[in-house]
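For reference, the structure is listed below as C-alpha cells.
So, in C-alpha cells, the structure goes:
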C-alpha cells in the first residue's frame, strides 16, 4: 500500500520517536536530521548499539530497551538491518515506523515492509522527513517539489479529523 500524506502526518504527529541508526558522527546527515527534529520539539530517542550517548541524550542498543517507550521509530539503517529492526519494533509494541529513503534504497526493503503489514505496523515507506518538517532549508523543499513533479510524492487520501500538519 503506497504511503499517503495522512501516513506522514500521523507519524509526525507523534512526539516521542526512536531514531534507529542515528550516527555517532556529528557531521553525518542522520545527526542533522536528529538535531532538527529535536529542535522542532520532538523527543527523539537515539538507538545505536555502538554509542552510549548522542547529543546529550542516552543512546539505546535496541528499541526494546527504551523506557518509557516511544510511539514510533524512524529507521535509518542499512537495508540489510531493517527487517530485524522492524521485528524489534513489533516486539516493543511500536505501532508506527518510517523507513528512511533519501537517494538509493535507504532503509526500505520489501521484506521489512511486508513484515510491517503482517504485524499491523503503520508504515511510511521511503522519503526523507526533512521534506515534511516546517521551516526546513530550501534544498529539502526542492526535493519534495521534484517528487511532486515526477509523481513520486505521497498520495492524498481523505484527511483524518485529528490531523494537525
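Numbering (this note's numbering), first residue to last: 6 to 170.
Glycine included, C-beta positions come from ideal geometry on N, C-alpha and C.
Three-state secondary structure assigned by DSSP to residue i
i: residue 5; result: Residue numbering for the chain in the displayed model covers 6 to 170; residue 5 lies beyond these limits and cannot be assessed.
i: residue 104; result: strand
i: residue 55; result: coil
i: residue 41; result: helix
i: residue 137; result: coil
Beta-carbon gap between residue i and residue j smaller than 8 Å
i: residue 119; j: residue 81; result: no
i: residue 37; j: residue 43; result: no
i: residue 34; j: residue 60; result: no
Neighbourhood of residue i by C-beta, 6 Å cutoff - its chain only, sequence neighbours within 5 removed
i: residue 97; result: 68 and 69
i: residue 66; result: 54
i: residue 122; result: none
Contacting residues, own chain, Cβ-Cβ under 7 Å from residue i (five flanking each side not counted)
i: residue 164; result: The predicted model places residue 164 with a pLDDT of 41, which falls under 50 and marks its position as unreliable; any figure quoted below should be read in that light. So the list reads 11, once near-sequence residues are dropped.
i: residue 45; result: 138
According to DSSP, residues forming a beta bridge with residue i
i: residue 22; result: 49 and 77
i: residue 130; result: 104
Contacting residues, own chain, Cβ-Cβ under 8 Å from residue i (five flanking each side not counted)
i: residue 99; result: 23, 68, 74, 75, 76, 77, 78 and 126
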